[in-house]
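Engineer: Before I ask anything, let me first share the structure, which is written out below as structure tokens.
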Amino acid sequence: MAHGSTYHASSRTRESVSEMDIEEQGGASPEIYRDRTSTYEVLDQLFRERNSSATLHHTTAAIPGGSPEARTSDARELYVSVTDLIGEELPAPDIVNYSLQKYLNAVHWFMVLFHEPTFRIELQQIMSTGCVQKDRAAFLYLAVLVIGVGARYAADSVDAPMSYQSCGFDGLGLRLIRLVETKLLDIFDESGIEAVQIAIVMSSYYLYQGLPKRSFALLGSGLKVALSIGLHRESSWTMSNPVIREVWRRLWWALYTAEVFGAISYGTPCLMQDNGWDVALPGNIEDMSLTCPGFDSQETYGGTTVGPVNVFSYHRYKFQLYRLASAITKNIYLRSGVTLKDVVAEVKRINQRLLEWEKCIPPELRPESLKSLASREQYRGTLKIFQLQALVLQLSYDNVQMVLHRPLLTMNQVQRWPRFVNDARETPGEPLRDSTDEVNDMIKSSKCQCWISSLRTSTIGDYPEYLMASRSTYGAAYAAIQSFTSGVVLGIFALSDPLSDQAHQGKRALSKIIKLPKLYKYRTKVSDQCGQILEELLRLILSEEMKSLLVDARDSDDSAQSPALMSNISLAADTGPSTSQNDHPGAIPDSSRNNGVHDKDPCAASLNPSGEDQPLLSNQGPDLNIDSDLFALQSVLPSDIHDGNFSDALLSLQDVFRDSRGAAQSTVPYSSRTQLSGGTTPTITNALLPASQLQGPPFPRAAIPFDGTSQAWIWDDLLWLPEAS
């Protein structure tokens with residue numbers, strides 16, 4: 193590749209890096225100006241238009257947009273040694289190249305932040321000369337960080353050559369990462385594209401090392417730098433090099449995805465508004481053009497065909513998935529002043545778009561399609577990339593579905609509207625009943641989708657080769673984060689009715705998730721923390737099962753005489769089929785039943801929105817008409833999936849989170865957000881209680897929200913649903 197096309201993306205969009213290019217250009221390039229226009233830049237341009245030899249030479253470092261040293265050819269000819277910048281020489285070339293390759297193997301397939309060929313060219317030039325252009329210092333820091341992260345993964349590699357096993361990669365990686373940390377403020381002062389790249393690399397590294405707060409701080413800094421250089425407005429970009437344009441697009445979408453993922457994982461507001469930026473999806477360039485051996489599918493989405501599916505197709509599908517997911521926290525979890533019907537409508541709308549997205553996924557990015565695919569030695573590396581990408585994409589989709597449907601998962605069902613609305617608004621007639629039925633149907637549909645997604649996540653052990661390949665990559669920690677939510681969902685199902693069929697299946701699936709990291713040796717700090725909490729959850733399930741098995745007939749009779757108690761406790765007989773909650777006296781009536789006859793199950797409406805009839809899965813209950821294309825597992829939906837007390841299961845789950853934080857004795861009275869403000873809006877857990885119990889005795893709960901583990905926040909009882917009107 194010629195040096196003229198070498199990747200040199202900075203806020204001033206200079207396109208050359210070599211000394212030869214500087215000599216050929218002989219002066220300041222017209223592309224040296226920033227993409228955004230500040231007051232200083234307007235004035236500087238005015239001087240140049242009136243007099244080509246005029247240049248502002250005043251000190252303007254404190255003025256936004258003022259950076260005269262970057263506008264003179266003299267500054268471009270200044271070089272500084274690597275030692276002067278970082279305080280030490282770069283490691284030996286073979287160590288650098290090995291660490292870089294480990295970074296590419298661990299991170300680049302998961303998150304593309306630069307153009308690999310031009311990155312290598314510039315790094316090679318620095319290694320061969322020992323010097324770097326003064327205004328390219330940020331690139332050196334980026335290279336040092338990439339080498340450092342790669343060295344950390346090299347230290348955990350089981351296939352390192354014997355000659356490298358005594359090189360101390362772990363210590364080298366830590367030292368280089370800390371070195372870049374000390375330079376962060378200087379890097380942000382430069383406000384170049386490399387500052388954004390460094391922020392994302394370091395933020396993701398800390399996230400998957402179990403340091404989320406540090407990760408968020410860096411990600412926020414990277415976002416501010418990106419906005420300051422106009423990365424969010426493609427219409428303002430002036431570069432002519434198509435490679436640089438694609439790199440900027442990649443970087444913006446990677447930043448956007450990281451921001452949405454952080455919002456979903458830890459319950460923080462998303463700082464990026466979808467209507468506040470305009471950047472096209474990245475296209476194909478030569479560094480990511482590899483296709484999967486044995487397939488020739490076309491990448492399509494929304495009726496548009498991009499071209500053959502390649503290793504970058506995963507990234508575009510992921511970008512589109514998180515674009516859909518961005519509405520979840522904003523419109524469902526963090527939105528106020530809306531009705532329960534509005535929330536249900538939003539869940540249905542997002543679910544519909546997610547199903548459309550899922551149907552576009554090509555076989556190259558479906559784990560089951562690649563499981564038995566054999567390839568020749570020269571294609572093994574490419575196949576491994578597709579296998580990892582397919583696994584991560586499936587985990588991402590199922591996780592987004594679980595987060596979307598979680599608010600309705602822990603609701604039993606809405607008994608009737610009048611307890612939430614004024615009597616004056618109550619009018620007899622069919623529309624009110626239809627609204628109630630619609631909400632109840634969606635509650636059932638959400639349970640179906642949560643069960644399907646959580647159960648499929650628990651089956652990733654069916655792909656041992658994929659999991660073992662992920663152990664020295666970002667994929668290991670990512671799988672742990674996504675599996676944690678799946679485990680909690682399975683625990684909710686088991687706790688809702690401890691002796692039910694769904695509880696039995698849920699326990700087994702939960703145990704699979706707990707064992708996976710140790711079994712396939714992809715343990716990380718994140719997976720260890722998540723696993724410990726899931727083990728506590730499994731112990732609670734077993735304890736509740738024992739209580740249900742040992743309860744005697746007298747206790748059951750006493751419970752049957754107390755409707756208030758039965759609204760919170762669902763016991764199943766210790767012999768024979770599971771007993772539905774609706775068969776107990778005092779239980780909330782099921783509006784989906786009419787004289788003992790089940791209506792068509794709303795799972796079909798959720799998973800098959802077209803309404804067309806689909807073949808039943810084998811061994812499936814007669815009323816569960818599920819689209820088998822979307823649920824190709826051999827497992828089946830339990831016939832009692834809608835039974836049980838899910839709101840009570842949530843309270844039991846919260847005890848596990850509280851105890852896992854070491855705050856077992858730190859409790860506060862249970863209060864919903866609206867109770868604190870004097871309103872009557874129901875929370876997730878109290879929305880299903882009779883009106884007379886809404887002001888009942890408080891429940892003990894944790895004093896601190898559940899923010900210690902990824903996505904634990906979605907089980908915090910401070911979540912609430914609005915008035916059901």
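Numbered according to the numbering used here, the sequence shown spans residues 193 to 917. Every residue, glycine too, gets a C-beta built ideally from N, C-alpha and C.
Going along the chain, which residues of its own chain have a beta-carbon closer than 7 Å to the beta-carbon of Leu292, five neighbours each way excluded?
Structural biologist: Excluding sequence neighbours, Leu292 sits near Val338, Ile339, Gly342.
Engineer: Taking all protein chains shown into account, do 16 or more other C-beta atoms lie within 10 angstroms of the C-beta of Pro285, making it buried, or fewer, making it exposed?
Structural biologist: The residue in question, Pro285, is exposed, as its Cβ has fewer than 16 Cβ neighbours within 10 Å.
Engineer: If we require 4 or more residues per run, which alpha helix (DSSP H) segments fall completely within the stretch 553-611?
Structural biologist: Segments of the alpha helix (DSSP H) lying fully in the stretch 553-611: 559-562, 572-601.
Engineer: Taking Glu373 as the reference, which of Tyr398, Ile421, Val498, Asp362 has the closest Cα?
Structural biologist: Of Tyr398, Ile421, Val498, Asp362, the residue nearest in Cα terms is Tyr398.
Engineer: In chain order, which continuous runs of the beta strand (DSSP E) of length 3 or greater are located wholly inside the stretch 320-398?
Structural biologist: Entirely contained in the stretch 320-398, the beta strand (DSSP E) runs reaching 3 residues are, in chain order, 323-325.
Engineer: Out of Leu473, Val530, Arg527, point me to the one whose CA is closest to Ser505's CA.
Structural biologist: Measuring from the Cα of Ser505, the nearest candidate turns out to be Leu473.
Engineer: Distance check for Ile733 and Gly494, CA to CA, integer angstroms please.
Structural biologist: In a straight line, the C-alpha of Gly494 is about 43 Å away from that of Ile733.
Engineer: Could you tell me the distance, in whole angstroms, from the CA atom of Arg527 to the CA atom of Phe408?
Structural biologist: Roughly 22 Å separates the two Cα atoms.
Engineer: Let me check understanding here. Comparing Cα to Cα, which of Ser383, Gly402, Val439 lies closest to Gly414?
Structural biologist: Closest by alpha carbon: Ser383.
Engineer: How about Ala672 and Ser662: do their beta carbons lie closer than 8 Å?
Structural biologist: No. Outside cutoff.
Engineer: Express the C-alpha separation of Asp654 and Gly486 in angstroms, rounding to a whole number.
Structural biologist: When rounded, the distance between both Cα atoms is 21 Å.
Engineer: Return helix, strand or coil for Pro309, following the three-state DSSP convention.
Structural biologist: Residue state, collapsed to three classes: helix.
Engineer: Take Leu600 and list the residues in its own chain whose beta-carbon comes closer than 7 Å to its own, dropping the five residues that flank it on each side.
Structural biologist: These residues qualify, in order along the chain: Val539, Met634, Ile635, Ser638.
Engineer: Going by the DSSP bridge assignment, what does Pro461 pair with across the sheet?
Structural biologist: BP columns for Pro461 are empty, so no partner.
Engineer: Using a Cβ-Cβ cut-off of 6 Å (strictly less than) and excluding sequence neighbours within five positions of Gln389, which residues of its own chain qualify?
Structural biologist: So the qualifying residues of the chain are Leu305, Leu334.
Engineer: Write down the C-beta distance between Thr521 and Cys462 rounded to the nearest angstrom, noting that I regard them as a contact closer than 8 Å.
Structural biologist: With a Cβ gap of about 6 Å, Thr521 and Cys462 count as contacting.
Engineer: Would you call the stretch 422-439 and the stretch 692-705 in contact, with 3 or more CB pairs under 8 Å?
Structural biologist: Result no; under three Cβ-Cβ pairs closer than 8 Å.
Engineer: Rounded to whole angstroms, what is the Cα-Cα separation between Phe311 and Ala701?
Structural biologist: In a straight line, the C-alpha of Phe311 is about 44 Å away from that of Ala701.
Engineer: Could you pull the start and end residues of the alpha helix (DSSP H) that Tyr290 belongs to?
Structural biologist: It spans 285-295 - the alpha helix (DSSP H) in which Tyr290 sits, taken as one unbroken run.
Engineer: Which whole-angstrom value is the C-beta distance of Leu332 and Leu277, which I expect to be below 8 Å?
Structural biologist: The pair is a contact, with the Cβ atoms about 6 Å apart (cut-off 8 Å).
Engineer: Please report the residue range of the alpha helix (DSSP H) in which Glu728 lies.
Structural biologist: Counting along the chain, the alpha helix (DSSP H) containing Glu728 begins and ends at 717-742.
Engineer: When burial is assigned at 16 or more other CB atoms within 10 Å of the CB, is Asn467 buried or exposed?
Structural biologist: Asn467 should be labelled exposed.
Engineer: Mark Lys710 as exposed unless 16 or more other C-beta atoms lie within 10 angstroms of its C-beta, in which case mark it buried.
Structural biologist: By the 10 Å Cβ count, Lys710 comes out exposed.
Engineer: Taking 8 Å as the threshold (C-beta atoms), are Glu550 and Tyr589 in contact?
Structural biologist: Closer than 8 Å, so yes.
Engineer: Taking C-alpha atoms, which residue in Val592, Gly667, Cys722 lies nearest to Gln581?
Structural biologist: When each option's Cα is compared against that of Gln581, the closest is Gly667.
Engineer: Would you please state the rounded distance, in angstroms, between the beta carbons of Leu587 and Thr649? I believe it to be under 8 Å.
Structural biologist: Their Cβ separation, rounded to whole angstroms, is 6 Å, which keeps Leu587 and Thr649 in contact under 8 Å.
Engineer: In terms of DSSP beta bridges, what is Gly499 paired with?
Structural biologist: Paired residue(s): Glu491.
Engineer: Going straight from the alpha carbon of Ser719 to that of Ala519, what length do you get?
Structural biologist: Cα to Cα, Ser719 sits roughly 27 Å from Ala519.
Engineer: Taking the alpha carbon of Gln544 as the point to measure from, which residue in Leu741, Met319, Leu513 has its own alpha carbon closest?
Structural biologist: The shortest Cα separation from Gln544 among Leu741, Met319, Leu513 belongs to Leu513.
Engineer: Leaving out the 5 sequence neighbours to the left and right, which residues in its chain are closer than 8 Å to Ser703 when beta-carbon positions are compared?
Structural biologist: Here the set comprises Leu730.
Engineer: Nearest to Met660 by CA position, among Leu270, Asn289, Ala298, is which residue?
Structural biologist: Among Leu270, Asn289, Ala298, the Cα nearest to that of Met660 belongs to Ala298.
Engineer: Is Val304 helix, strand or coil when you go by DSSP?
Structural biologist: Reduced to three states, the DSSP call for Val304 is coil.
Engineer: May I have the straight-line CA-CA distance separating Leu376 from Arg328, to the nearest angstrom?
Structural biologist: Looking at the two C-alpha atoms, the distance is approximately 15 Å.
Engineer: Please report the Cβ distance between Cys323 and Val274, rounded to the nearest whole angstrom; I am assuming they are in contact, meaning their Cβ atoms lie under 8 Å.
Structural biologist: About 7 Å; that satisfies the 8 Å criterion.
Engineer: If we call anything under 8 Å between Cβ atoms a contact, is Asp348 one with Ser664?
Structural biologist: The answer is yes: Cβ separation under 8 Å.
Engineer: Can you tell me whether Pro283 is buried or exposed, with buried defined as 16 or more other CB within 10 angstroms of its CB?
Structural biologist: That one is buried.
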